[in-house]
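Sequential numbering of the sequence shown, starting at 9, is according to the working numbering.
For each residue, glycine too, the CB sits at the ideal point set by N, CA and C.
One structure is given below, encoded as structure tokens.
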Amino acid sequence: MRRFQVVSVVLVILVGLTAIAFARPANAQPHAQDASSHMFVIVQPSTEIQQGRSALLRVQILDGSQPKEVQATFLGHVIYLYPSVDGDWVGFLGVDMEAPRGTQPVEIFYNDTDGVQQTFTQEVSVVWGAFTYQDIGLPYALEPLLDPEINREEEETLLRAMNRTTPEKFFTSFITPVRDIVISEFGGIRNYNNDAFTGRHTGTDYMATTGDPVAAAADGRVVFIAHLPIHGNHIIIDHGWGILTGYSHLSEIQVVPGQLVRQGQTIGLVGATGRVQGAHLHFEVMVNGVWVDPPQFLTLPLPASLPNP
Ligand SMILES: [Zn+2]
Numbered sequence: 009m010r011r012f013q014v015v016s017v018v019l020v021i022l023v024g025l026t027a028i029a030f031a032r033p034a035n036a037q038p039h040a041q042d043a044s045s046h047m048f049v050i051v052q053p054s055t056e057i058q059q060g061r062s063a064l065l066r067v068q069i070l071d072g073s074q075p076k077e078v079q080a081t082f083l084g085h086v087i088y089l090y091p092s093v094d095g096d097w098v099g100f101l102g103v104d105m106e107a108p109r110g111t112q113p114v115e116i117f118y119n120d121t122d123g124v125q126q127t128f129t130q131e132v133s134v135v136w137g138a139f140t141y142q143d144i145g146l147p148y149a150l151e152p153l154l155d156p157e158i159n160r161e162e163e164e165t166l167l168r169a170m171n172r173t174t175p176e177k178f179f180t181s182f183i184t185p186v187r188d189i190v191i192s193e194f195g196g197i198r199n200y201n202n203d204a205f206t207g208r209h210t211g212t213d214y215m216a217t218t219g220d221p222v223a224a225a226a227d228g229r230v231v232f233i234a235h236l237p238i239h240g241n242h243i244i245i246d247h248g249w250g251i252l253t254g255y256s257h258l259s260e261i262q263v264v265p266g267q268l269v270r271q272g273q274t275i276g277l278v279g280a281t282g283r284v285q286g287a288h289l290h291f292e293v294m295v296n297g298v299w300v301d302p303p304q305f306l307t308l309p310l311p312a313s314l315p316n317p
């Protein structure tokens with residue numbers, strides 16, 4: 009009996025210590041950091057980023073400068089950073105699903121008080137995106153939409169619409185626009201009709217039926233509305249700080265370009281327009297001009313901003 013009690017006490021202590029070891033504050037997520045005498049850089053959640061995923065870039069200015077702007081370049085894209093309430097400059101890194109794997113530099117720069125440009129290179133490691141392979145059989149009537157020229161034109165139209173960053177921060181958080189039931193993952197390598205065409209999946213597909221309301225994922229401004237051959241009836245919302253969301257295959261669009269929308273507001277109805285096998289919601293997230301994995305983006309620790317000027 010006594011021996012049992014001693015074992016019990018030891019067990020309780022061990023469990024307690026383990027709980028303390030793992031009970032870290034919610035914001036103390038694994039991150040990597042590096043420093044120069046001018047900047048302290050943190051990449052959240054990690055400097056190892058999968059293809060097609062996104063990360064938060066936080067920069068603390070250590071030299072007392074109060075720069076008007078802080079920028080970075082990453083994989084050929086310009087990243088604008090914005091001041092957050094905690095004093096950090098914050099931007100979003102989007103890794104293209106086809107980005108080369110291996111060590112990639114994030115070049116961060118600003119002009120200090122003396123007008124001298126300060127730069128710092130933070131390395132990140134781009135790793136395989138663990139994408140799925142998907143075989144898709146489209147009905148005969150939709151086969152013309154496998155024409156590479158139609159696909160190229162539509163991609164260019166969307167990239168033009170996505171290529172923007174707005175200093176005004178509308179978002180505070182992001183939600184999935186319909187019930188969170190994923191039926192097809194982001195980045196999938198899609199083989200249509202036995203090698204007639206191979207494409208990549210630029211969003212995440214959610215199960216839904218025609219007529220279901222589609223909610224804005226966050227506050228923002230509608231910047232693009234079109235009926236596209238592949239995406240069907242499509243809406244793009246700009247949430248600020250380089251983050252945009254897209255909603256495809258809608259049966260109905262209930263917003264107009266330039267309109268401000270609130271998170272959760274119905275912007276349209278689920279449908280089956282464009283190149284689809286049936287009704288569902290195709291949802292896209294764009295980070296500084298790059299399509300990224302929406303469910304993973306939704307897990308990022310989003311910064312709070314200073315009030316808009
Ligand atoms: Zn889709």
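Check                                                                                                                   : Outcome
Range covered by the alpha helix (DSSP H) that runs through M215                                                        : Element bounds for M215: n/a, residue is neither H nor E.
Check your reading: residues with Cβ closer than 6 angstroms to ligand 1 heavy atoms                                    : S192, H209, G211, D213 and H290
CA-to-CA distance, D213 to I21, given in whole angstroms                                                                : With a pLDDT of only 49 at I21, under the threshold of 50, the placement of this residue in the model should not be trusted; the figure read from the coordinates follows. Looking at the two C-alpha atoms, the distance is approximately 47 angstroms.
Contact set for I144: own chain, Cβ-Cβ below 8 angstroms, skip 5 residues either direction                              : R198, N199, Y200, N201 and Q285
Secondary structure, alpha helix (DSSP H): runs of 4+ residues fully inside the segment 147-187                         : 156-170
Nearest-angstrom Cα separation, counted from G211 out to I158                                                           : 18 angstroms
Beta-bridge pairing of I299 - partner residues as DSSP gives them                                                       : The sequence given here has Trp at residue 299, not Ile. In DSSP, W299 forms a bridge with M294.
Close beta carbons around L306, own chain, < 6 angstroms, minus the five adjacent residues each side                    : F182
F128 - DSSP class collapsed to helix/strand/coil                                                                        : strand
For Q58, three-class secondary structure by DSSP                                                                        : strand
Assigned secondary structure, F139 (DSSP; H/G/I helix, E/B strand, else coil)                                           : coil
Closest by C-alpha distance to S92, when choosing among V114, V67, L83 and A107                                         : V67
L308 versus M47, V51, H46 and I275, residue with shortest Cα-Cα distance                                                : V51
Distance CB(E162)-CB(L236) smaller than 8 angstroms                                                                     : yes
Q112 (DSSP reduced to helix, strand or coil)                                                                            : strand
Local conformation of F100 per DSSP, three classes                                                                      : strand
Simplified DSSP assignment, three categories, for Q304                                                                  : helix
Buried or exposed (CB count within 10 angstroms, at least 16 for buried), V298                                          : buried
Reduced DSSP category for D105 - H, G, I as helix; E, B as strand; rest coil                                            : The identity of residue 105 in the sequence shown is Met, whereas the question assumes Asp. Coil, per DSSP.
Start-to-end residues for the beta strand (DSSP E) that takes in V264                                                   : Per DSSP, V264 belongs to no beta strand (DSSP E) and is neither H nor E.
Length of the line joining the Cα atoms of E176 and Q304                                                                : 23 angstroms
Spatial neighbours of Y141 in its chain, beta-carbon cut-off 6 angstroms, leaving aside the 5 residues before and after : I197
Nearest neighbour of T121, chosen from H46, D203, E292 and P311 [CA to CA]                                              : H46
8 angstroms contact criterion, which G228 and H242 should meet: CB distance rounded                                     : Actually they do not touch by this definition, with Cβ atoms about 15 angstroms apart.
Endpoints, beta strand (DSSP E) assigned at Q79                                                                         : V78 to F82
Beta carbon of P185 nearer than 8 angstroms to that of A234                                                             : no
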